[in-house]
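Step one of this worksheet: look at the structure below.
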Amino acid sequence: MRDMTEGPEGKLILQFSIPMLIGNLFQQLYNMVDSIVVGQGVGKEALAAVGASFPIMFFMISIVMGITMGASIMLSQFFGAKDMVKLRKTIDTTYIFMLVSSLAISVVGILLAGPILRLVKIPEDVFPLAKQYLTIMFGGMVFLFGYNGISGILRGLGDAKNPLYFLIVATLLNVALDLLFVLVFRWGVAGVAWATVIAQGISFILSLIFVQNSKFDVLKINLKTIRFDWEIFKTSLRIGLPSGIQQALVSLGFVALTRIVNPFGTSTIAGYTAATRLDSLAVIPAMNISMA
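Numbering follows numbering that gives the first Met the number 0, with no gaps: position 167 of the sequence shown is 166.
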């Protein structure tokens, strides 16, 4: 862990943002490999299914991720103030919130995948593939939230490097599993989804092993003492909810664009998906400097 209150601000921000920048580049590589493998190995219908599903998932998790940003800010404040009691309460509350919210989104996402896809006017030839992809992805939300929750906590304590290492392992594993499941096993869209869920599961397990073996005891999950603190949560909500709403509005805009694009057919959706994967790379540097 690193105290971010000591040292030149510009240097600290740069040192902290570079691992986040590299991590987000790997995250985009994650998404681009999915698109390339499914587009080349399965077809445009599969690429359209993956592309049309992403804004829906992003919308459903954006508010939750915004709230965790609030928790990360609080962690930084308490760590800088050396307030170990509130630091422990915030970490415990974040762990519990991420578990409960991931399970809730999994259930809601699986149950409403079909109706939501109908709402955004998914073409009939893409609908079964998109529903299959969404169902598997929503089923693995606990891994995505678990990794991001632990990574957010580590970053709040000044550690941006270890989350990067876990993400690099997950990205390389995702690439290998994509190729295996899609090109060898011929599992199609389901193979891409399972590759992503398994890779996310591995990154979560690695991050969990790291915190449980950390010399910094406050990070460890203790099932006998872990408690949810409502006051901490309300403060986290007050700090993080504006960011969550902002992200939700952005993702809602992507959902609206998807609804506009979808009636034009499978080829248009596939082309739009490929273009947005490249476009997303442009905003990464500014986004990471801002987050740092």
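Cβ coordinates follow ideal geometry from the N, Cα and C atoms, glycine included.
Here the structure is a predicted model, which is why all the values come from computation and not from measurement.
- [ ] Determine the DSSP secondary structure at PHE227, reduced to helix, strand or coil.
- [x] coil
TODO: State the Cα-Cα distance for the pair PHE184 and GLN39, rounded to the nearest angstrom.
DONE: Between PHE184 and GLN39, the C-alpha separation is close to 15 Å.
TODO: Return yes when the Cβ of VAL174 is within less than 8 Å of the Cβ of VAL37, no when it is not.
DONE: no
Task: Cβ-based burial, TRP229 [other Cβ within 10 Å; buried from 16] - done: exposed
- [ ] Starting from the Cα of GLY65, find the closest Cα among ILE268, SER213, ILE238 and ALA194 and give me that residue.
- [x] Taking each of ILE268, SER213, ILE238 and ALA194 in turn and checking the Cα distance to GLY65, the smallest one comes out for ILE238.
Task: CB of PHE137 within 8 Å of CB of ALA112, strictly - done: yes
Open item on the list: I need the straight-line Cα distance from GLY79 to THR92, nearest angstrom please.
Closed with: 19 Å
- [ ] Please classify ASP33: does DSSP put it in a helix, a strand, or coil?
- [x] ASP33 carries a helical assignment under DSSP once its states are collapsed to helix, strand and coil.
Open item on the list: Please report the straight-line C-alpha distance between SER100 and VAL41, rounded to a whole angstrom.
Closed with: 33 Å
Open item on the list: Please classify PRO18 as buried or exposed, where buried requires at least 16 other C-beta atoms within 10 Å of its C-beta.
Closed with: buried
Task: Assumed close pair VAL254, VAL119 - CB separation to whole angstroms, cut-off 8 Å - done: 6 Å
Task: Pairwise C-alpha distance: LEU143 and TRP193 - done: 13 Å
Task: Minimum C-alpha distance to LEU128 - residue among PHE53, LYS214 and VAL210 - done: The shortest Cα separation from LEU128 among PHE53, LYS214 and VAL210 belongs to PHE53.
- [ ] Answer yes if the segment 191-211 comes into contact with the segment 143-154, meaning at least three C-beta pairs across the two stretches below 8 Å, and no otherwise.
- [x] They touch, by the three-pair rule.
Open item on the list: So, at 8 Å on beta carbons, what are the nonlocal neighbours of ALA45 in its own chain, with the 5 sequence-adjacent residues on each side left out?
Closed with: Its chain contains VAL37, GLY38, LEU128, GLY187, VAL188 and VAL191 as the residues whose beta carbon lies nearer than 8 Å to that of ALA45, once the 5 sequence neighbours on both sides are disregarded; these appear in chain order.
Task: Simplified DSSP state of TRP186, which is helix, strand or coil - done: Shown here, TRP186 sits in coil according to DSSP, grouped into three states, outside any helix or strand.
- [ ] With distances taken Cα to Cα, identify the nearest neighbour of GLY157 among PRO114, GLN76 and LEU116.
- [x] GLN76
Task: Inter-residue Cα distance where the pair is ASP124 and LEU251 - done: 24 Å
- [ ] Might you give, ordered along the chain, the residues of its own chain that have their beta carbon closer than 7 Å to the beta carbon of ASN261, omitting 5 neighbours on each side?
- [x] ALA51, VAL119, LYS120, ILE121, PRO122 and ILE268
- [ ] Take ALA48 and list the residues in its own chain whose beta-carbon comes closer than 7 Å to its own, dropping the five residues that flank it on each side.
- [x] VAL125, LEU128, ALA129, TYR132 and VAL188
TODO: Following the continuous alpha helix (DSSP H) through GLY138, name the residue where it begins and the one where it ends.
DONE: 126-138
Task: Among ALA274, TYR271, GLY270 and LEU240, nearest to ILE60 - alpha-carbon criterion - done: LEU240
- [ ] Drop a sphere of 10 angstroms on the beta-carbon of VAL106, count the other beta-carbons inside from all chains shown, and report buried for 16 or more, exposed for fewer.
- [x] exposed
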